[in-house]
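Student: Using numbering that gives the first Met the number 0, you'd call the opening residue of the sequence shown number 0 and step up by one each time. Glycine included, C-beta positions come from ideal geometry on N, C-alpha and C.
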Amino acid sequence: MKIVMLGDLHGNLPATLAMERMLEQIQPDEVWFLGDAVGKGPSNAETCDWVRSHCTLCVGGNWDYGIGGKEFPEDGYFWNQLGEERMNWLNSLPREQEVLLSGIRFRLFHGRPVTPLLQVQDDKEKLGQAFHTEKGNFGGVIFADSHRPFFRSLHDGYIVNTGSVGNSMGVNRAHALLVEGEKDSARPAPLLFTILAVPYDNQAAADIALMDDALPHRDAYVNEVLTGRYSR
Ligand SMILES: [Fe+2]
Numbered sequence: 000m001k002i003v004m005l006g007d008l009h010g011n012l013p014a015t016l017a018m019e020r021m022l023e024q025i026q027p028d029e030v031w032f033l034g035d036a037v038g039k040g041p042s043n044a045e046t047c048d049w050v051r052s053h054c055t056l057c058v059g060g061n062w063d064y065g066i067g068g069k070e071f072p073e074d075g076y077f078w079n080q081l082g083e084e085r086m087n088w089l090n091s092l093p094r095e096q097e098v099l100l101s102g103i104r105f106r107l108f109h110g111r112p113v114t115p116l117l118q119v120q121d122d123k124e125k126l127g128q129a130f131h132t133e134k135g136n137f138g139g140v141i142f143a144d145s146h147r148p149f150f151r152s153l154h155d156g157y158i159v160n161t162g163s164v165g166n167s168m169g170v171n172r173a174h175a176l177l178v179e180g181e182k183d184s185a186r187p188a189p190l191l192f193t194i195l196a197v198p199y200d201n202q203a204a205a206d207i208a209l210m211d212d213a214l215p216h217r218d219a220y221v222n223e224v225l226t227g228r229y230s231r
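Here's what the structure looks like:
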């Protein structure tokens with residue numbers, strides 16, 4: 000069973016389409032969405048619709064709820080692009096999911112607002128808290144939100160970050176996570192984790208933003224797409 004998990008598309012259509020071409024090569028059985036289809040970039044209806052047509056399991060991210068729930072008045076640009084029906088869908092997404100893969104119980108969420116922002120350099124005590132909830136203990140956590148892919152093995156279990164499709168920090172390729180294993184199986188069996196690091200036309204993504212004078216924080220987004228440096 001091949002499952003690609005991805006998130007943080009953030010309205011970046013060239014990055015999303017580059018990832019789509021990668022998926023056509025990999026031919027995964029399922030694609031799962033780990034939050035933040037929208038916000039930051041200029042092509043939000045397109046990346047929202049891409050998630051809805053490609054992903055069979057979804058959790059929402061902080062930007063999905065912030066825009067879908069009209070939390071911030073300065074997000075009117077995104078409301079206009081998306082319309083009520085898409086925003087209602089974003090706001091209705093579950094905050095977390097779980098799955099049993101090759102004998103390990105994995106907790107899946109975006110990051111914020113379920114947890115504080117978790118990053119690769121955080122100490123193991125902070126990261127370890129994500130494994131233990133009122134629903135019991137998990138042996139793995141898979142999430143997005145920090146916009147950098149990583150894999151760590153803690154005493155609590157594996158903690159794995161998908162990276163970001165459309166707003167990568169560090170290396171500014173489109174990233175996602177391929178997991179190969181036995182879905183819905185309690186039997187211990189091998190698992191494969193592969194980081195997908197897909198080049199795309201970053202300048203084309205910046206140019207789409209530069210043509211849109213109404214995009215909030217446009218220069219920050221353009222700089223992030225071109226350099227991989229957080230700019231807001
Ligand atoms: Fe994000």
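In the DSSP assignment, what residue or residues form a beta bridge with L100?
Tutor: Looking at the DSSP assignment, L100 forms a beta bridge with I103, K182.
Student: Grab the span of the alpha helix (DSSP H) containing Y76 for me, first residue to last.
Tutor: Here the alpha helix (DSSP H) through Y76 covers 75-90.
Student: With distances taken Cα to Cα, identify the nearest neighbour of F32 among G227, A208, V197, H174.
Tutor: When each option's Cα is compared against that of F32, the closest is H174.
Student: Provide the residue(s) that pair with Y157 in DSSP beta bridges, ordered along the chain.
Tutor: According to DSSP, Y157 bridges with G139, S152.
Student: For ligand 2, enumerate in chain order all residues having a CB closer than 5 Å to any of its heavy atoms.
Tutor: Questions concerning ligand 2 fall outside what the structure shown contains, since the ligands it does hold are ligand 1.
Student: When the cut-off is 7 Å and only beta carbons count, does S42 lie next to chain C?
Tutor: Within the model displayed, chain C is absent; a lone protein chain is all it includes.
Student: Out of Y157, G68, S101, R147, state which residue places its alpha-carbon closest to the alpha-carbon of P187.
Tutor: If we check each option's Cα against that of P187, S101 comes out closest.
Student: Residues in the same chain with beta-carbon distance under 6 Å from E179, minus the five sequence neighbours each way, listed in chain order, please.
Tutor: For E179, where only same-chain residues beyond five positions count, the Cβ hits under 6 Å are K1, L191.
Student: Compute the distance between the beta-carbons of S167 and G227, then report whether it is under 7 Å.
Tutor: In contact: S167 and G227 (Cβ atoms closer than 7 Å).
Student: Excluding the 5 residues flanking F71 on each side, which residues of the same chain have their C-beta closer than 7 Å to its C-beta?
Tutor: For F71, where only same-chain residues beyond five positions count, the Cβ hits under 7 Å are G65.
Student: Which same chain residues, not among the five before or five after P189, have their C-beta less than 8 Å away from its C-beta?
Tutor: S101, G180.
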